[in-house]
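Take a look at the structure set out below.
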Amino acid sequence: MNIERLVTMANDIATYFAVEPNHAAAVDGVRDHLTRFWDPVMRRQLKDYFAQGGEGLLPLANEAVDGLSVPPVATV
Amino acid sequence: MLSIVEIDYGTPKATSETIVELEIDGRTVHVPEGTSVMRAAAQAGISIPKLCATEMLEAFGSCRLCLVEIEGRKGYPASCTTPVAAGMKISTQTPKLAEIRRGVIELYISDHPLDCLTCPANGHCELQDMAGVVGLREVRYGYDGANHVYPKTKGGGENPLFVAKDESNPYFSFDPSKCIVCSRCVRACDEVQGTFALTIQGSGFESKVAASQNNAFLDSECVSCGACVQACPTATLSEKSLIDKGQAEHTVTTTCAYCGVGCSFRAEMKGEEIVRMVPNKDGHANHGHSCVKGRFAIGYATHPDRINTPMIRAKISDPWRVVSWDEAFAHVASEFKRLQATYGKHAVGGITSSRCTNEETYLVQKLVRAGFGNNNVDTCARVCHSPTGYGLKTTLGESAGTQDFDSIEQTDVVLVIGANPTDAHPVFGSQMKQRLRAGAKLIVIDPRRIDLVRTPHVHADYHLKLKPGTNVAVLNTLAHVIVTEGLVDEAFVALRCEPEAFAKWRVFVAQDKYSPEAMEAETGVAAALMRGAARLYATGGNGAIYYGLGVTEHAQGSTGVMGIANLAMATGNFGREGVGVNPLRGQNNVQGSCDMGSFPNEFPGYRHVGDDAVRHSFEQAWGVSLLGEPGLRIPNMFEAALDGSFKGLYIEGEDIAQSDPDTQHVTAALSAMECIVVQDLFFNETAKYAHVFLPGSSFLEKDGTFTNAERRISRVRKVMAPKAGYADWEITQKLAQAMGYPMNYGHASQIMDEIARLTPTFHGVSFEKIDRLGSIQWPCNEEHPQGTPVLHVDEFVRGKGRFMLTEYVPTSEKVNAEHPLILTTGRILSQYNGGTQTRRTANVMWYDEDRLEIHPHDAEERGVTDGDWVGIRSRSGDTVLRAMISERMQPGVVYTTFHFPGSGANVITTENSDWATNCPEYKVTAVQVTRVTQPSEWQKRYRAFSDEQQALLDQSVDTLGQA
Ligand code: SF4
Ligand code: SF4
Ligand code: SF4
Ligand code: FES
Chain A
698 MNIERLVTMA NDIATYFAVE PNHAAAVDGV RDHLTRFWDP VMRRQLKDYF AQGGEGLLPL
758 ANEAVDGLSV PPVATV
Chain B
295 MLSIVEIDYG TPKATSETIV ELEIDGRTVH VPEGTSVMRA AAQAGISIPK LCATEMLEAF
355 GSCRLCLVEI EGRKGYPASC TTPVAAGMKI STQTPKLAEI RRGVIELYIS DHPLDCLTCP
415 ANGHCELQDM AGVVGLREVR YGYDGANHVY PKTKGGGENP LFVAKDESNP YFSFDPSKCI
475 VCSRCVRACD EVQGTFALTI QGSGFESKVA ASQNNAFLDS ECVSCGACVQ ACPTATLSEK
535 SLIDKGQAEH TVTTTCAYCG VGCSFRAEMK GEEIVRMVPN KDGHANHGHS CVKGRFAIGY
595 ATHPDRINTP MIRAKISDPW RVVSWDEAFA HVASEFKRLQ ATYGKHAVGG ITSSRCTNEE
655 TYLVQKLVRA GFGNNNVDTC ARVCHSPTGY GLKTTLGESA GTQDFDSIEQ TDVVLVIGAN
715 PTDAHPVFGS QMKQRLRAGA KLIVIDPRRI DLVRTPHVHA DYHLKLKPGT NVAVLNTLAH
775 VIVTEGLVDE AFVALRCEPE AFAKWRVFVA QDKYSPEAME AETGVAAALM RGAARLYATG
835 GNGAIYYGLG VTEHAQGSTG VMGIANLAMA TGNFGREGVG VNPLRGQNNV QGSCDMGSFP
895 NEFPGYRHVG DDAVRHSFEQ AWGVSLLGEP GLRIPNMFEA ALDGSFKGLY IEGEDIAQSD
955 PDTQHVTAAL SAMECIVVQD LFFNETAKYA HVFLPGSSFL EKDGTFTNAE RRISRVRKVM
1015 APKAGYADWE ITQKLAQAMG YPMNYGHASQ IMDEIARLTP TFHGVSFEKI DRLGSIQWPC
1075 NEEHPQGTPV LHVDEFVRGK GRFMLTEYVP TSEKVNAEHP LILTTGRILS QYNGGTQTRR
1135 TANVMWYDED RLEIHPHDAE ERGVTDGDWV GIRSRSGDTV LRAMISERMQ PGVVYTTFHF
1195 PGSGANVITT ENSDWATNCP EYKVTAVQVT RVTQPSEWQK RYRAFSDEQQ ALLDQSVDTL
1255 GQA
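Chains A and B, in that order, are what the protein sequence lines are.
Note that the working numbering has the first sequence beginning at 698, numbered continuously upward.
Note that the working numbering has the second sequence beginning at 295, numbered continuously upward.
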């Protein structure tokens, strides 16, 4: 999928959680949201993008994507 | 004319707990205090003659036909205006009463045409009935003198009292020669509808009914709700369909398929033909009222544009081939299997619609999850109320509104934000206006001066005319005032809400940046107004919030919904009548389609696909293993189609090419797919991109249920056979069978039984129970066998209410030199959504094109006058509409509706979306507006493409004709 769209969407989520004073909770919030609402294909693509440097991702989104669980390709 | 099957008790039901005993015609009768003598008699089976009284209206006491004698009282009091008293002894039939009544009727008849045999009301005319009941045998006065009946006087001159028929309204006619001036119509318009369009002019014998300022009905204030037509005891106001077809012989109770109010109707039928629709007095959502759409705009169901045969084609540039149902099913099955074999299991998906019944929606998601083997199912609620689901679930624990409509009777302060009930939810809008006329206070938060702000006998105490896109800022500011001025309901919060979350939230909203003064420039709302509104909501008694798409369709839609829940929690406005948070749903079954598991991450009942126990219960029932990971949402499907990984889509009842944002992006995605299956009544915009067309059935042709904005499940009942042979759920079932996944339901009720088995909030629901109770509000289960009108009574569904932090983040959609205006969108009363249905009815007489509303100042700057063609350009695209200069707008903001596809309102809207749910940001688009002389490039392309598709369709219809 268009990676810019995915980055924008991930950043929108991070922007919502940025207000959370407890940083760890904010990271969890973003990660949990991605896990619960994003198709694994999108999570995987975002994670690969992150592995290549993740340009354009907000710091909070970056932290959340690092450690995002993605099921192995075969099961999806 | 009243319904042919309902009993009219003459005056409204009294609600007192105190019971009064009295005697009527020697019979002992018990009724609640406040009941009229007329109603008490009617309940005991004794009918007192009447003309000016009817149950929907307050007693008026003008016809003097309902007189009775009461022991110990002088004279002959009118039974409609006389309340019962303990120990009363009443006689309803005495020789004296008979004489008076005969005299009254004689006077009426002496000024009434005697064409009963050819009159449309014949058989159900109350005047005729009363003449029979009182035993009128002669009329002594003759018809030669002054009368309203004949156009000419006896001497051949013009009769000054005569008024010709008014046929201007497409749905009903007004024949003043038959009017008995009982004023039921006038009172229905005032009391029930709240439009105040009719008056009685003149007095005595001269008096007559007139639409406002003596206009024809169509040109008056009248909104064609039909309440007056229903109330009229004679043929003066009659449905044109009744005049054409004659009296019905049976009725079937069903539910309106237009908006989220979910009005109950009695379809009055002659065989399989509908004579007229009459709102059901016992309907729990509408109590006998309706709007123009549900009552009159049903002609689309039998419109010649409907397609009644399946069709297929290989490419969208091919003509259609009319095929048998079996061939269509086999074709779709083989195509979807081919696509899955070639591109992977995830290359196909399905979209359900809020227009479908619960049973249909449930089956589509079942087909996708169990038959396709993925979770790529979504519904059009994605583009309207998905933030409601997310926001209310997160804060309160349940993805639904908290009250029933009647709860507003106990409301002291009504707060309406981003909703326009008088246009979009007319029957509830009328109920709201009734409550406001009775004294409740009103706060409106809306960029436009919606009708509710100033309408007869109603005006908003506060209108916060915010800038589009600043809802969250306004909600936080209201919360700031409540917190910093000590207006929090501390006891409620301590008892009912999570303390840590509340403590965090209190600090958050108390920040100076959210003070009304600091926010003034951002929101455009004066600080004093903001403070006043916050104080009123927090301290004015029961506060109820009603909101709509003006909250959800924003980049911060979900944040806005949570902000609303925060406000209501902080002020203790949950868990009883008169309060709560109430999303007004756009389409009839938005609530139901969400409940039925049509989101890619949720099974029916809002349970995540990753929840093992829930998933196993479905695996067991459906006999397949299911995926525990979310699938693609509608916008994700488009993205996946554009990158070549998503190839097949089964769309039931939804027109994504018209109603989704950024049309050119959507049509590019549709063009990239290999098998698009559209199941619909009409060849809609999406069908132009389809490879398979499956003709669906209208709500009149099938059984099922709809769930309205109050969580109320009501029955849809079949009144005629499906035009194309199958109800929609049967089509899905056949498709599943063709794909090799067994489904064998014999009736829609069996689908509901399965839903009830598998969904805890529906455990107690069945067709049998709905038939028995009339309707049921979920949750309905062991704990709440009769359903649940008010949610969160002793505790929130999630346990403790959870305050969420709702930082205001300005949208990235900003005005600049190139796009200096903000475009926002909405709808109007007479048209419905994409307009596929209402455009095919006479409703176009009120509204036949989408217009761009623009403030006089902005118009003047651009040299635009009313009616000019203007180009509207955003970064997504451009289109051309005619301008309508309007003071309702604020400078800098323009507005349009989206009822006509050629207007291309969604060509302009952008891909921006809600952070949590991807609900599109329809309500904020930066645009420039200029005067132009010709349609936009997109419109020219659209025209050409549509003409080409119509030609291909016409060719196939020809082949059908020859076959
Ligand atoms: S149709 Fe409705 S709005 Fe029009 S005059 Fe009758 S009651 Fe009033
Ligand atoms: S139009 Fe019908 S309801 Fe109205 S005053 Fe005349 S008879 Fe009564
Ligand atoms: S459109 Fe809405 S308000 Fe109008 S009749 Fe139908 S359900 Fe009722
Ligand atoms: S019905 Fe009571 S006065 Fe008309």
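We put the CB at the ideal spot given by N, CA and C, even for glycine.
Taking only three categories from DSSP, how would you classify B/Cys791? B/Cys791: strand per DSSP, three-state reduction.
Beta-carbon gap between B/Asp512 and B/Trp1140 smaller than 9 Å: The question names Asp, yet the displayed sequence has Leu at residue 512 of chain B. Cβ distance < 9 Å, so B/Leu512 and B/Trp1140 count as in contact.
Any chance the stretch 711-724 of chain B sits against the stretch 829-845 of chain B, with 3 or more Cβ pairs inside 8 Å? yes
Work out the CA separation of B/Leu1175 and B/Glu654 for me, nearest whole Å. 37 Å
What's the C-alpha gap between B/Val428 and B/Glu317? 23 Å
Would you list the residues sitting across from B/Gln1222 in a DSSP beta bridge? B/Arg1167
Straight-line CA distance for A/Asn708 to B/Leu861? 27 Å
Check for me: the beta strand (DSSP E) holding B/Gly643 runs from which residue to which? Val642 to Thr646
Chain-ordered residues of the stretch 890-902 of chain B with a beta carbon less than 8 Å from chain A: Pro894, Asn895 and His902
What does the alpha-carbon distance come out to for the pair A/Tyr746 and A/Val738? Using only the alpha carbons, I get a separation of about 12 Å.
Please compile the residues from chain A whose C-beta is within a distance smaller than 8 Å of the C-beta of B/Trp1209. Met706, Asp709, Ile710, Thr712 and Tyr713
Residue closest to B/Thr489, alpha-carbon to alpha-carbon, out of B/Ala785, B/Gly899, B/Ala1220 and B/Pro720: B/Pro720
Please state if the CB of B/Ala1220 and the CB of B/Ser1168 are separated by a distance shorter than 9 Å. yes
From B/Ile394 to B/Leu359, what distance separates their C-alpha atoms? 8 Å
Enumerate in chain order the residues of its own chain whose CB-to-CB distance from B/Leu690 is below 7 Å, with the five nearest sequence positions on each side excluded. Contacts found: Ala859, His1086, Phe1090, Val1091, Arg1092 and Gly1095.
In three-state terms, what does DSSP make of B/Phe490? coil
Whose Cβ in chain A lies nearer than 7 Å to the Cβ of B/Gln934? With the sequence shown as reference, residue 934 of chain B is identified as Ala, and Gln is not the correct amino acid for it. Those within 7 Å of B/Ala934 in chain A are Met698.
Which residues count as close to ligand 3 when the rule is a CB under 5 Å from any of its heavy atoms, in chain order? After applying the 5 Å Cβ criterion, the set is B/Cys550, B/Tyr552, B/Cys553, B/Val555, B/Cys557, B/Ser584, B/Cys585, B/Lys587, B/Gly588, B/Pro720 and B/Val721.
Assuming the contact rule is C-beta atoms closer than 8 Å, B/Thr1053 and B/Pro955 should be a hit. Round their C-beta distance to whole Å, please. Contact flag wrong, Cβ pair sits at about 32 Å.
Whole-angstrom distance between B/Arg431 and B/Pro1016, CA atom to CA atom: 50 Å
Relative to the C-alpha of B/Lys539, which candidate in B/Glu562, B/Cys557, B/Cys522 and B/Asp745 has its C-alpha closest? Here the closest residue by C-alpha is B/Glu562.
Neighbour-count burial assignment, B/Ile601, 16 or more Cβ in a 10 Å radius: buried
Taking DSSP as the reference, what is the three-state secondary structure of A/Leu765? coil
Would you be able to state if there are at least three C-beta pairs under 8 Å between the stretch 897-917 of chain B and the stretch 933-942 of chain B? no
Neighbour flag for B/His910 against chain A, beta carbons, 9 Å: no
Between A/Glu717 and chain B, is there a C-beta pair that is closer than 9 Å? yes
Nearest residue (CA-CA) to B/Ala718, options B/Glu779, B/Gly588 and B/Arg632: Nearest Cα to B/Ala718 within the set B/Glu779, B/Gly588 and B/Arg632: B/Gly588.
Integer Cβ distance of B/Val569 from B/Ser535, believed to fall under 8 Å: 6 Å
Cβ of B/Gly369 within 8 Å of any heavy atom in ligand 4? With a threshold of 8 Å, the Cβ atom of B/Gly369 does not count as near ligand 4, since no heavy atom of the ligand is closer than that.
Cβ neighbours of B/Val331 in the same chain (closer than 7 Å, five flanking residues each side left out): Val362, Ser373, Thr376, Val378 and Ile384
Looking only at its chain, what residues have a beta carbon closer than 6 Å to the beta carbon of B/Gln1256, apart from the 5 residues adjacent to it on each side? Its pLDDT being 41, under 50, B/Gln1256 is placed unreliably by the model, and nothing is read from it.
Restricting to Cα atoms, I'd like to know which of B/Ser1207, B/Pro407 and B/Phe1239 is closest to B/Ser1106. B/Ser1207
With a cut-off of 9 Å, does the C-beta of B/Pro613 fall near any C-beta of chain E? Absent from the structure: chain E. Protein chains present are A and B.
So, under 8 Å CB-CB, B/Ser514 and B/Val523 are touching, yes? Tell me the CB distance rounded to an integer number of Å. Contact flag wrong, Cβ pair sits at about 14 Å.
Nearest-angstrom Cα separation, counted from B/Thr980 out to B/Ala951: 5 Å
Euclidean distance between Cα positions of A/Val773 and B/Glu923: Confidence in A/Val773 is poor, its pLDDT being 41 and thus under 50, which makes the residue's placement too unreliable to answer from.
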